[in-house]
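Peer 1: If you scroll down you'll find the structure; I have some questions about it.
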Amino acid sequence: MNDRTGLTASARIVAAPGGSLPVLESDGPLALRRTRATGPHTRVTVVGAMSAPLGGDRLRLEAEVRDGARLLVDSAAATVALPGRTGAPASYEIGLTVGAGAELRWLPEQLVCATGSVLRMRTTVDLDPTARLVLREEQVLGRHREEPGTLTSRLTVRRAGRPLLDQELGCGPGAPGGWDGPAVLAGHRATGQLLVVDPEFADKPAETRLLGEHAVLAPLAGPAVLVTAVAPDALVLRRVLDEALGLFALF
């Protein structure tokens, strides 16, 4: 549906061993393209076909990595949440499933919440106990010299059906008080996280450490590491998360 008072669109990726993509379906603004990969992973790039999400839009993107497959998903440009005609919030749901011995690198570009936008984002990940995952999220509140939009973002990760990580962040006008205070963003306008899940962490757990002034690496109660960072802008945030990614000998 696309009357620009509220668009509903979905996309789905299924990756199988040997580099095949049995399913690569998309519509509306969620255009999927198989792109050239330099490593062992099959690569799919999300290419924005139109401005989205706007207020009232409902988007859903699913990716299934079947047993033994390796998939890299990135995007061609940042996703910019914009206000719609009615003031209704937009929703963007992401569902990821990674099977036995499978690997997923989920590395999209930044999510930018423009002034006046209201976005509710939900990412849910289900992992086999032998699966590996690298997941990056980056949120930027407002474009250059612009007041922030409103964002509610929740990330839920389950491994073998058990919770590994479940956290929510609310920022911008109308968010719970304190979101811009010293305990949350401390006046910064870019925030992000890098989650690495690898069964090898069970025998060699990472140690908690600071990464510069505004980022921390912490092991989770499972074979996983979470890096959380805030920064004054998207460029600094990406630099911090790239440096964190370089700490791991990744699959």
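For the sequence shown, position 251 matches number 232 in the numbering used here, and the numbering has no gaps at all. Heads up, the beta-carbon is just placed ideally off N, CA and C, and yes, glycines get one too.
To the nearest angstrom, how far is the alpha carbon of D147 from that of P200?
Peer 2: 14 Å
Peer 1: Helix, strand or coil for P144 per DSSP?
Peer 2: strand
Peer 1: First and last residue of the alpha helix (DSSP H) that includes V165?
Peer 2: Counting along the chain, V165 falls outside any alpha helix (DSSP H), and DSSP gives it neither H nor E.
Peer 1: Could you compute how far the alpha carbon of A(-8) sits from the alpha carbon of D38?
Peer 2: 14 Å
Peer 1: Can you tell me whether DSSP reads A183 as helix, strand or coil?
Peer 2: Looking at A183 - three-state DSSP - the assignment turns out to be helix.
Peer 1: Alpha carbon to alpha carbon, how far is R51 from V221?
Peer 2: So the alpha carbons of these two residues sit roughly 25 Å apart.
Peer 1: If you count every other CB in all the chains shown that lies within 10 Å of the CB of A57, and 16 or more means buried, which is it?
Peer 2: Exposed.
Peer 1: Alpha carbon to alpha carbon, how far is F182 from G65?
Peer 2: 44 Å
Peer 1: Exposed or buried, what is D179 when buried is set at 16 or more other beta-carbons lying within 10 Å of its beta-carbon?
Peer 2: buried
Peer 1: Is it right to say H125 is buried, meaning 16 or more other beta carbons lie within 10 angstroms of its own, or is it exposed?
Peer 2: exposed
Peer 1: A210 to V4, Cα distance in whole Å?
Peer 2: Spanning the two alpha carbons is a distance of roughly 34 Å.
Peer 1: Spatial neighbours of V165 within its chain, please: CB distance less than 7 Å, with the 5 preceding and 5 following residues excluded, ordered by chain position.
Peer 2: Correct list, in chain order: G159.
Peer 1: Taking all protein chains shown into account, decide if P10 is buried (16 or more other Cβ within 10 angstroms of its Cβ) or exposed.
Peer 2: buried
Peer 1: If you drop the 5 nearest sequence neighbours on each side, which residues of the same chain put their C-beta closer than 6 Å to that of L191?
Peer 2: The residues are V197.
Peer 1: Between which two residues does the beta strand (DSSP E) containing L108 stretch?
Peer 2: Per DSSP, L108 belongs to the beta strand (DSSP E) from V99 to L108.
Peer 1: For the candidate residues T133, T111, R17 and A112, whose alpha-carbon lies nearest to that of V121?
Peer 2: T133
Peer 1: Tell me, to the nearest whole angstrom, how far the beta carbon of A81 is from that of V46; I am working on the premise that it is less than 8 Å.
Peer 2: That pair is no contact at about 10 Å.
Peer 1: Is D8 near T26, with beta carbons less than 9 Å apart?
Peer 2: No, the Cβ-Cβ distance between D8 and T26 is not below 9 Å.
Peer 1: Curious, which full-length beta strand (DSSP E) runs of at least 3 residues does the segment -2 to 72 contain?
Peer 2: Secondary structure remark: continuous beta strand (DSSP E) runs of at least 3 residues inside the segment -2 to 72, in chain order: 4 to 7, 11 to 16, 23 to 29, 39 to 46, 51 to 56 and 60 to 62.
Peer 1: Name the DSSP bridge partner or partners of V121?
Peer 2: V93 and A171
Peer 1: By alpha-carbon positions, which one of E84, G142 and R14 ends up nearest to V115?
Peer 2: E84
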